[in-house]
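Here's the structure we're looking at; comments come further down.
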Amino acid sequence: MEEKVLDILERICEDDVVREDLDMDLFEEDLLDSLGFAELLVDIEEEFGIIIPPSEVERSDMNTANKIIAAIRIRS
Amino acid sequence: MDILKTIESYAWSAPDQAAIISDGDVLTYRNLDTYSTALAHWIASNCENHKVPIIVYGHKEALMLVCFLACVKAGHAYCPIDISVPAQRVQKIAETVNPPLILCPGTNPGSTPEEIFQTVSPVILNQDKIQSIITGKSDVNTASSSMEAFYDHKDKELFPVTGNDTFYIIFTSGSTGTPKGVQISAECLSNFLDWSAGLGYPSQEKTGAVFLNQAPFSFDLSVMDLYTCLACGGTLWTLNKETQSDYKWLLDSLRKSHAQIWVSTPSFADMCLADPYFCGELMPDLRLFLFCGETLTNHTARQLLERFPKGKIINTYGPTESTVALTEVTITKELLDNEPVLPVGRVKLGSLIEIWDEQGHPVPEGTNGEIVLLGNTISTGYYQLPEQTQKSFFQCERDGQTIRGYLTGDCGYLKGGMLYYQGRIDLQIKLHGYRIELEDIEQNIQKLADVKNVVVTPNIQEGKVKSLTAHLVYEGLIENRLKTAKKLKEEMKQFLPDYMIPKKIHFLEQIPMTVNGKADRKRLGGETT
Chain L
581 MEEKVLDILE
591 RICEDDVVRE
601 DLDMDLFEED
611 LLDSLGFAEL
621 LVDIEEEFGI
631 IIPPSEVERS
641 DMNTANKIIA
651 AIRIRS
Chain R
15 MDILKTIESY
25 AWSAPDQAAI
35 ISDGDVLTYR
45 NLDTYSTALA
55 HWIASNCENH
65 KVPIIVYGHK
75 EALMLVCFLA
85 CVKAGHAYCP
95 IDISVPAQRV
105 QKIAETVNPP
115 LILCPGTNPG
125 STPEEIFQTV
135 SPVILNQDKI
145 QSIITGKSDV
155 NTASSSMEAF
165 YDHKDKELFP
175 VTGNDTFYII
185 FTSGSTGTPK
195 GVQISAECLS
205 NFLDWSAGLG
215 YPSQEKTGAV
225 FLNQAPFSFD
235 LSVMDLYTCL
245 ACGGTLWTLN
255 KETQSDYKWL
265 LDSLRKSHAQ
275 IWVSTPSFAD
285 MCLADPYFCG
295 ELMPDLRLFL
305 FCGETLTNHT
315 ARQLLERFPK
325 GKIINTYGPT
335 ESTVALTEVT
345 ITKELLDNEP
355 VLPVGRVKLG
365 SLIEIWDEQG
375 HPVPEGTNGE
385 IVLLGNTIST
395 GYYQLPEQTQ
405 KSFFQCERDG
415 QTIRGYLTGD
425 CGYLKGGMLY
435 YQGRIDLQIK
445 LHGYRIELED
455 IEQNIQKLAD
465 VKNVVVTPNI
475 QEGKVKSLTA
485 HLVYEGLIEN
495 RLKTAKKLKE
505 EMKQFLPDYM
515 IPKKIHFLEQ
525 IPMTVNGKAD
535 RKRLGGETT
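Chains as they are written, first to last, in the numbering used here: chain L, 581 to 656; chain R, 15 to 543.
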């Protein structure tokens with residue numbers, strides 16, 4: 581699952597740097613913006629069948645690769 | 015349709031109907047009309063230079079509308095600039111326009127209008143001054159310093175913009191690095207509204223309807239919601255920058271809006287679609303989606319039809335130079351099944367579309383070439399740029415009538431009168447609805463220290479530009495690629511609006527060249543995707 585999440589992130593962020601530090605703040609580093617975030621949630625739904633409504637999560641709960649992986653884990 | 019007369023008639027027939035609701039701030043048709051007339055009188059007696067454009071600087075405040083209408087009622091074109099435009103770019107626009115007056119109806123975070131516009135030093139009216147003028151309590155250094163003097167003005171006749179006079183000027187990205195101002199005349203806007211008011215369903219049924227405004231007023235997509243709304247006697251519900259940045263606020267605002275007509279870029283709809291709560295239950299009144307500004311994908315349209323079974327989707331096409339848009343097509347289930355790449359529509363009454371080859375000759379149907387637009391909504395040209403105007407605009411005879419034409423630089427073809435868009439011929443791109451000249455970005459990045467050379471390429475996924483990459487020959491120290499990239503992006507913010515800042519910075523030793531000695535954009539583009 582982790583690998584798939586990183587694949588998704590690499591595609592959306594258009595940078596393999598996302599694999600180097602899983603605690604990096606993706607918004608802070610300009611790798612994710614609101615459109616990218618929307619895309620990420622759509623991809624998570626398609627890949628894992630898990631729906632995470634963006635209006636129900638704080639951005640600060642999903643701003644690193646590790647937090648995104650954890651958010652999926654809780655819901656699966 | 016004479017929009018000023020139409021608004022005036024609503025001020026009589028439906029005075030208490032809200033014309034705009036912005037952040038809880040409600041402005042009725044009566045107030046919109048009387049306030050803008052009051053401000054117009056002030057402008058008319060204080061700006062002797064008739065017809066010179068006036069800049070209106072702000073965001074989504076209800077007073078923005080008062081300012082727009084006041085300018086045109088006083089015979090001046092207005093030029094809207096959103097607060098998100100960086101100061102450097104605002105200054106360039108201000109220097110080009112050289113306005114006698116700048117209206118700042120918003121509350122500006124950061125720099126004051128006086129600081130931003132110091133290089134042109136015009137008269138600046140801030141929110142307080144505008145408020146006191148429109149409520150008749152003006153004591154600003156003017157002839158109309160007392161209530162009586164002010165009301166005396168009301169007997170004086172105003173000479174609003176009309177016919178070929180410019181109604182508004184909207185600045186778009188220019189390949190030289192300096193934005194160029196597209197002038198839209200009163201007549202063009204009027205012809206546009208005759209068409210847009212009837213989009214989807216009859217204009218009479220739109221009386222009192224809520225129109226959603228997503229785009230900032232300096233982006234001409236906003237003309238589609240703002241003036242179509244006012245033309246129908248509707249209420250404009252604005253989504254400000256802050257609301258759009260947070261899903262909770264956004265969904266809350268959409269729910270409260272009771273919007274019947276949605277106007278946005280497809281990218282914005284995509285963003286909303288990421289939330290499962292964005293559906294017919296959230297917005298039960300929604301009847302019509304109007305899209306413009308970029309490619310509407312089959313996927314997005316399909317999802318919207320599923321989520322909003324009662325909604326009708328209309329795709330439109332047109333550059334700023336042809337007054338927002340001039341084609342329309344209703345996206346039905348059948349169309350989605352038959353056309354993987356959606357058409358952009360059939361041309362409206364009063365306009366013509368031709369497809370030309372490189373020599374400027376019309377090509378047979380089905381053959382692709384440059385999309386050429388003709389008819390009654392074509393701009394009168396770029397503000398004070400005769401050379402660029404001559405390059406893109408022309409006059410010609412069709413059916414015994416002389417009409418204006420515009421070479422779009424867009425590539426496409428016609429099939430049974432239906433237009434299909436295939437991208438750009440030159441280096442202009444569309445990103446999230448914003449029109450960008452890649453050279454404009456390059457010229458501005460060149461200004462940064464230690465940048466020796468730069469080429470910007472679009473990253474394309476599923477036929478749509480997703481983001482931009484700047485390929486940089488950088489002479490500074492690169493300790494950490496990401497950190498340096500972030501620093502450079504931060505520096506770019508002085509010169510470029512956020513949407514024009516490349517997402518990815520790609521450092522390289524030198525820019526690869528084609529055999530002709532030009533930057534090899536294809537190879538650079540290929541390297542990153």
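Glycine included, C-beta positions come from ideal geometry on N, C-alpha and C.
Examine chain R for any beta-carbon lying closer than 8 Å to the beta-carbon of valine 585 of chain L, and answer yes or no. Mapped onto the first sequence, residue 585 of chain L falls at position 5. Judged by the 8 Å Cβ criterion, valine 585 of chain L is not in contact with chain R.
Just the chain L side, please: which residues come within less than 8 Å of histidine 446 of chain R by C-beta, in chain order? Residue 446 of chain R sits at position 432 when you count from the first residue of the second sequence. For a Cβ distance threshold of 8 Å, residue set Leu615 of chain L lies close to histidine 446 of chain R, ordered along the chain.
Residues in the same chain with beta-carbon distance under 8 Å from proline 333 of chain R, minus the five sequence neighbours each way, listed in chain order, please. What you label residue 333 of chain R is simply residue 319 of the second sequence in a count that begins at 1. Leu387, Tyr420, Thr422, Asp424, Arg449, listed in sequence order.
Please state whether the Cβ-Cβ distance between glycine 364 of chain R and valine 343 of chain R is less than 8 Å. Against the second sequence, residue 364 of chain R aligns to sequence position 350. Against the second sequence, residue 343 of chain R aligns to sequence position 329. For the pair glycine 364 of chain R and valine 343 of chain R, the CB atoms are not nearer than the 8 Å cut-off.
Under 8 Å between C-beta atoms, does serine 656 of chain L make it to chain R? Within the first sequence, residue 656 of chain L is the residue found at index 76, counting from 1. Judged by the 8 Å Cβ criterion, serine 656 of chain L is not in contact with chain R.
The region 48-61 of chain R touching the region 78-85 of chain R, judged by at least three CB pairs closer than 8 Å: Result yes; three or more Cβ-Cβ pairs closer than 8 Å.
Smallest Cα separation from aspartate 534 of chain R: which of R/Thr471, R/Ile144, R/Pro354? Taking the first residue of the second sequence as 1, we reach residue 534 of chain R at position 520. That would be R/Thr471, whose Cα lies nearest to the Cα of aspartate 534 of chain R.
Beta carbon of aspartate 96 of chain R nearer than 8 Å to that of phenylalanine 225 of chain R: For the purposes of this step, residue 96 of chain R is identified with residue 82 of the second sequence, where counting begins at 1. For the purposes of this step, residue 225 of chain R is identified with residue 211 of the second sequence, where counting begins at 1. Their beta carbons are not under 8 Å apart, which means aspartate 96 of chain R does not touch phenylalanine 225 of chain R by this criterion.
Grab me the residues of glutamate 109 of chain R's own chain with a C-beta within less than 7 Å of its C-beta, minus the 5 sequence neighbours each way, in chain order. On the second sequence, position 95 is the one that residue 109 of chain R refers to. Taken in chain order, the residues that qualify are Thr133, Val134.
Nearest CA to the CA of leucine 510 of chain R: which residue from R/Arg321, R/Thr192, R/Pro357? Translated into positions along the second sequence, residue 510 of chain R becomes position 496. Of the listed residues, the one whose Cα sits closest to leucine 510 of chain R is R/Thr192.
Between the beta-carbon of leucine 203 of chain R and the beta-carbon of threonine 337 of chain R, is there less than 8 Å? For the purposes of this step, residue 203 of chain R is identified with residue 189 of the second sequence, where counting begins at 1. For the purposes of this step, residue 337 of chain R is identified with residue 323 of the second sequence, where counting begins at 1. Contact flag set, yes.
Continuous beta strand (DSSP E) stretch holding histidine 485 of chain R: start and end: Taking the first residue of the second sequence as 1, we reach residue 485 of chain R at position 471. Residues 478-488.
Alpha carbon of cysteine 246 of chain R to alpha carbon of alanine 33 of chain R, nearest angstrom: As a first step, residue 246 of chain R is located in the second sequence; it is residue number 232 there, counting from the start. As a first step, residue 33 of chain R is located in the second sequence; it is residue number 19 there, counting from the start. Straight-line measurement puts the Cα of alanine 33 of chain R at about 10 Å from the Cα of cysteine 246 of chain R.
Does serine 640 of chain L get closer than 8 Å to chain R when you measure Cβ to Cβ? As a first step, residue 640 of chain L must be located in the first sequence, where it is residue number 60. No, serine 640 of chain L lies away from the interface with chain R (no Cβ there is under 8 Å from its Cβ).
Please report the distance separating the alpha-carbon of cysteine 293 of chain R from that of glutamate 128 of chain R. The residue labelled residue 293 of chain R in the question sits at position 279 within the second sequence. The residue labelled residue 128 of chain R in the question sits at position 114 within the second sequence. Approximately 44 Å between the Cα atoms of the pair.
Grouping DSSP H, G and I as helix and E and B as strand, with all else coil, what is leucine 319 of chain R? To locate residue 319 of chain R, count along the second sequence from 1; it is residue 305. The answer is helix: DSSP assigns leucine 319 of chain R an H, G or I state.
Run the proximity test for alanine 52 of chain R: is its beta-carbon closer than 7 Å to any non-hydrogen atom belonging to the ligand MG? Of ligands this structure carries none, so the ligand MG is not represented either.
Given this structure, state the Cα-to-Cα distance separating proline 298 of chain R from leucine 268 of chain R, to the nearest angstrom. Within the second sequence, numbered from 1, the residue matching residue 298 of chain R stands at position 284. Within the second sequence, numbered from 1, the residue matching residue 268 of chain R stands at position 254. C-alpha separation (whole angstroms): 10 Å.
For phenylalanine 185 of chain R, tell me which candidate among R/Phe173, R/Phe206, R/Gly177, R/Phe233 has the shortest Cα-Cα distance. Position 171 of the second sequence, counted from the start, is the residue given in the question as residue 185 of chain R. Comparing alpha carbon positions, the residue from R/Phe173, R/Phe206, R/Gly177, R/Phe233 closest to phenylalanine 185 of chain R is R/Phe233.
Rounded to whole angstroms, what is the Cα-Cα separation between asparagine 467 of chain R and serine 189 of chain R? Counting from 1 along the second sequence, the entry for residue 467 of chain R is found at position 453. Counting from 1 along the second sequence, the entry for residue 189 of chain R is found at position 175. Take the alpha-carbon of asparagine 467 of chain R and the one of serine 189 of chain R: they are about 16 Å apart.
Pop quiz: aspartate 208 of chain R and proline 633 of chain L are said to be a contact at Cβ under 8 Å. What is the actual Cβ separation, rounded to whole angstroms? Counted from its first residue, the second sequence places residue 208 of chain R at position 194. Counted from its first residue, the first sequence places residue 633 of chain L at position 53. Between proline 633 of chain L and aspartate 208 of chain R the Cβ distance is about 41 Å, and since that is not below 8 Å, they are no contact.
Give the straight-line distance between the Cα atoms of glutamate 609 of chain L and proline 174 of chain R, rounded to the nearest whole angstrom. Within the first sequence, residue 609 of chain L is the residue found at index 29, counting from 1. Within the second sequence, residue 174 of chain R is the residue found at index 160, counting from 1. Using only the alpha carbons, I get a separation of about 50 Å.
Quick one: what does DSSP say arginine 301 of chain R is sitting in, helix, strand or coil? Stepping through the second sequence from its first residue, residue 301 of chain R is reached at position 287. Here arginine 301 of chain R sits in coil by DSSP.
Give the residues from the region 109-143 of chain R that approach chain L closer than 9 Å (Cβ to any Cβ), ordered along the chain. Cβ contacts with chain L come from no residue of the region 109-143 of chain R.
Spatial distance of glutamine 89 of chain R from leucine 172 of chain R (CA atoms): Translated into the one-based positions of the second sequence, residue 89 of chain R becomes position 75. Translated into the one-based positions of the second sequence, residue 172 of chain R becomes position 158. The sequence shown places glycine at residue 89 of chain R, rather than the glutamine named in the question. Note on geometry: alpha-carbon atoms of glycine 89 of chain R and leucine 172 of chain R lie some 8 Å from one another.
Methionine 285 of chain R at chain L interface by Cβ criterion, 8 Å: Within the second sequence, the letter at position 271 stands for residue 285 of chain R. The Cβ of methionine 285 of chain R sits closer than 8 Å to at least one Cβ of chain L.
Taking 8 Å as the cut-off, decide whether the C-beta atoms of glutamate 62 of chain R and glycine 120 of chain R are in contact. Walking along the second sequence from the start, residue 62 of chain R turns up at place 48. Walking along the second sequence from the start, residue 120 of chain R turns up at place 106. Contact flag unset, no.
From R/Val70, R/Thr42, R/Ile130, R/Ile275, pick the residue whose C-alpha is nearest to that of glycine 212 of chain R; which is it? Counting from 1 along the second sequence, the entry for residue 212 of chain R is found at position 198. Of R/Val70, R/Thr42, R/Ile130, R/Ile275, the smallest CA-CA separation from glycine 212 of chain R is found for R/Ile275.
Nearest CA to the CA of glycine 490 of chain R: which residue from R/Glu523, R/Lys326, R/Val40? On the second sequence, residue 490 of chain R is found 476 positions in, with the first residue counted as 1. Checking every option, the nearest Cα to that of glycine 490 of chain R belongs to R/Glu523.
So with CB distances below 8 Å, who are the chain R contacts of isoleucine 631 of chain L? As a working note, residue 631 of chain L is residue 51 in the first sequence. Chain R residues near isoleucine 631 of chain L: Pro290.
Here's a check: name, in chain order, each residue in its chain whose Cβ is nearer than 6 Å to the Cβ of glutamine 243 of chain R, leaving out the five neighbours to either side. Taking the first residue of the second sequence as position 1, residue 243 of chain R is located at position 229. According to the sequence shown, residue 243 of chain R is cysteine rather than glutamine. Contacts found: Phe225, Leu250.
Within 8 Å of any Cβ in chain R, is that where the Cβ of valine 598 of chain L sits? By one-based count along the first sequence, residue 598 of chain L stands at place 18. Answer no: the Cβ-Cβ gap between valine 598 of chain L and chain R never drops below 8 Å.
Output yes if chain R places a C-beta closer than 8 Å to the C-beta of alanine 651 of chain L; else output no. The sequence position of residue 651 of chain L within the first sequence is 71, counting from 1. No, its Cβ sits nowhere closer than 8 Å to a Cβ of chain R.
Methionine 223 of chain R (DSSP reduced to helix, strand or coil): Within the second sequence, the letter at position 209 stands for residue 223 of chain R. Note that residue 223 of chain R is alanine in the sequence shown here, rather than methionine. In the three-state reduction of the DSSP assignment, alanine 223 of chain R falls in the coil class, being assigned neither a helical nor a strand state.
Anything in chain R within Cβ reach of aspartate 595 of chain L, meaning under 7 Å, just list it in chain order. Here residue 595 of chain L refers to the residue found at position 15 when the first sequence is read from its first residue. In chain order: Lys518.
For leucine 235 of chain R, the nearest candidate out of R/Lys194, R/Met285, R/Cys306 (CA to CA): Locating residue 235 of chain R in the second sequence gives position 221, counting from the first residue. Checking every option, the nearest Cα to that of leucine 235 of chain R belongs to R/Cys306.
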